[in-house]
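To start, the structure itself, in structure tokens.
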Ligand code: ADP
Ligand code: ZN
Ligand code: ZN
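In this note's numbering, the protein residues as written are 762 to 1524.
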């Protein structure tokens, strides 16, 4: 490229290549030519990279006036161009990305790109329109046609507020068949033209819930007072532990009200699943004259761009969104409060690099914005409970009673070992007790929620012979194949792997012993089939919610809406139904199998079970009618199940923390997990061992490292998996260790190694 760098350089920028892996961790320096000056921190620009000067997109990390000293007297290349859309992230988000990049061991370029929604990045919905206006001194030596004169007269009669005006609108007002007369007028200098660029999106339907604000209970007011006192006083962290239906959302709304007075802004994070139109409706109904931006994956691309732009311009007062909404470009000085609802929810953790935790990033963002952060949950994560009750770095606020008019459901544990014995050894889907309660609820016009945290029709295909232990496994993963029916009430089906999504034919006979095969166990599809066959309800009053029925997020919203309106009588599904539903008509919750998580070889198995059982049982008893929850389990004595059904969170949490402390597990320690992936078993094992040795060689005595071992899911999609974990008492020690390992190039996130800091899943 000739004449590439012949303009004088006026300043310097440090950039991070957008798609780079860890190769350029500290950023690269480029000169800014006069014609592109000024360039700001947070802009996306194009720079020449490598020997071939390949045009490459990069984020600006910092700007300096003076030339930095480069090692080896290297020539400083110049920036090629600014991104045509001049997208930029505010400076505080660039620093947040730097922190994330170092804390989560992720390259900074891709981290910055994670912050920007795809539609914004691609400029979807951006339209440029031309507006015209009358000029102050029109020429007096040009003869006008009748039509042209009419255009000028029409414009002159418009109220000044309506000018400048779009060309098509003016054409309509002046009854023009073509824009010719307007173009002539501007050529001759009678009209001035302006270009405006904005994001145009179709309006989206959003109901507004105008339910009146209830009078707060004493407990609620006390908490609102305590936290609102902290507004404007810098960073503070709060944990709101309130049983399901205790009125946490009312507290959020009161605090938002205080925080957005005088132009302040609030960010509210909810799990993606809870991000239903009802949540938005409730918020919008409470603040009718404020702007609420919703960062929602059910919106169209241009709508998402538009909502983001509304935040960036400072127009939005409240931002409501899932995990990534923590990156909403709210002006930092105006950000007055961050609220993370259902803070225990695992969907806040991203399972691709950067593997960040939305709640923890929110805490960081609040501390830099110097504002309070409120984490709320009926079943706080062990991390937050530890921080509030042992480390005292967060203030605990408690709501022990349900809101006035709501009752806590009666919970009954059913021992399925007895049910199995009664059914002569066959594992029944329903116990007698649950069957009776379903009939009773239906007779009393109640609504029913049934939870089964397993998709498909039957989770296992096995040999019918007791002497044979053949089970159908995925050819590419170390997992069982799950049987799915095409339709719940039709026999035809296929088997699918839930890890790599590959499908296979079902063999009729066992490949080992030629006995017939059978389909064992029940998933949501079989549950649906049983319900449809045994309950005399019209088919549209029964619905199933799981990731198979909600490929589009709008399907999820639609089903939840119909359930809320009472049109669906029986809703069954996976953990999706355990979250955020606040429906008065629910008189029965049935947990078909409380044990789906309990036996997982993951130290959070118990915590997850407790959360799931408490959350789903909490979905009933929200109206005036009596409500009941039935929990079916083969572990009727397991503390997670017993304490969840008794509503004893604190007892469970303290017990669990004691166990974690005895075994040195998070949150009493900080952990990083390295997952080594490769195509061959031996090579994977060898690389994992080598990684372990290297890590061991730089570990100080305060770092505990576990030797390499095959992961619970030993193989996924033909890739073998081994893991090594490292733990330390404090995050600081662990960070120092990671920094050392990164400097020595022992670790780096790539296809063959996943680095997971503060992992939430150990499978
Ligand atoms: P949570 O978020 O803890 O599940 P919500 O704030 O959604 O609880 O409250 C549950 C229900 O109780 C809602 O319908 C809400 O309007 C109602 N509610 C909350 N606080 C009060 C109160 N002080 N008086 C009467 N009803 C209330
Ligand atoms: Zn598979
Ligand atoms: Zn067999």
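Backbone N, C-alpha and C fix where the C-beta goes; we use that ideal spot for every residue, glycine too.
Residue i classed as buried or exposed, judged by whether at least 16 other C-beta atoms fall within 10 angstroms
i: residue 1182; result: exposed
i: residue 1506; result: exposed
i: residue 1213; result: buried
i: residue 1158; result: buried
i: residue 1274; result: exposed
i: residue 897; result: exposed
i: residue 1045; result: buried
i: residue 1204; result: exposed
i: residue 1050; result: exposed
i: residue 1517; result: buried
i: residue 773; result: buried
i: residue 1185; result: exposed
i: residue 1179; result: exposed
i: residue 1519; result: buried
Under 8 Å between C-beta atoms of residue i and residue j
i: residue 937; j: residue 926; result: no
i: residue 1335; j: residue 1216; result: yes
i: residue 775; j: residue 788; result: yes
i: residue 1120; j: residue 1136; result: yes
i: residue 1174; j: residue 1471; result: no
i: residue 1469; j: residue 1487; result: no
i: residue 771; j: residue 887; result: no
i: residue 744; j: residue 779; result: Residue 744 cannot be examined here, being either before or after the span of the chain that is shown, 762 to 1524.
i: residue 1473; j: residue 1449; result: no
i: residue 1363; j: residue 1524; result: yes
i: residue 912; j: residue 871; result: no
i: residue 1042; j: residue 1053; result: no
i: residue 857; j: residue 803; result: no
i: residue 1028; j: residue 1089; result: yes
i: residue 1480; j: residue 1438; result: yes
i: residue 1020; j: residue 1097; result: yes
i: residue 1366; j: residue 1392; result: no
i: residue 1408; j: residue 1060; result: no
i: residue 1116; j: residue 864; result: no
Reduced DSSP category for residue i - H, G, I as helix; E, B as strand; rest coil
i: residue 1324; result: helix
i: residue 1216; result: coil
i: residue 1472; result: strand
i: residue 804; result: strand
i: residue 779; result: coil
i: residue 814; result: coil
i: residue 1221; result: strand
i: residue 914; result: helix
i: residue 1141; result: coil
i: residue 1232; result: strand
i: residue 1254; result: strand
i: residue 1393; result: strand
i: residue 1298; result: coil
i: residue 938; result: coil
i: residue 1158; result: strand
i: residue 1532; result: No information on residue 1532 is available, as it lies outside the stretch 762 to 1524 that the chain covers here.
i: residue 1308; result: coil
Any non-hydrogen atom of ligand 1 closer than 7 Å to residue i Cβ
i: residue 1167; result: yes
i: residue 1340; result: no
Minimum Cβ-Cβ distance from residue i to chain C less than 8 Å
i: residue 1070; result: Protein chain content of the structure displayed is limited to a single chain, and chain C is not contained in it.
Contact test: residue i Cβ vs ligand 3 heavy atom, cutoff 7 Å
i: residue 1276; result: yes
i: residue 1226; result: yes
i: residue 860; result: no
i: residue 1381; result: no
N-terminal and C-terminal residue of the alpha helix (DSSP H) that residue i is part of
i: residue 1503; result: 1492-1504
i: residue 1413; result: 1410-1424
i: residue 1432; result: Where residue 1432 is concerned, there is no enclosing alpha helix (DSSP H), although the beta strand (DSSP E) it sits in stretches over 1431-1439.
i: residue 1287; result: 1285-1295
Heavy atom of ligand 2 within 7 Å of residue i beta-carbon
i: residue 1475; result: no
i: residue 1478; result: yes
i: residue 1258; result: yes
i: residue 1263; result: yes
i: residue 1238; result: yes
Extent of the continuous beta strand (DSSP E) run through residue i
i: residue 1070; result: Run containing residue 1070: none in the beta strand (DSSP E); it sits in the alpha helix (DSSP H), 1062-1073.
i: residue 865; result: It is not in any beta strand (DSSP E) - residue 865 carries neither H nor E in the DSSP assignment.
i: residue 1003; result: 997-1003
i: residue 956; result: 952-960
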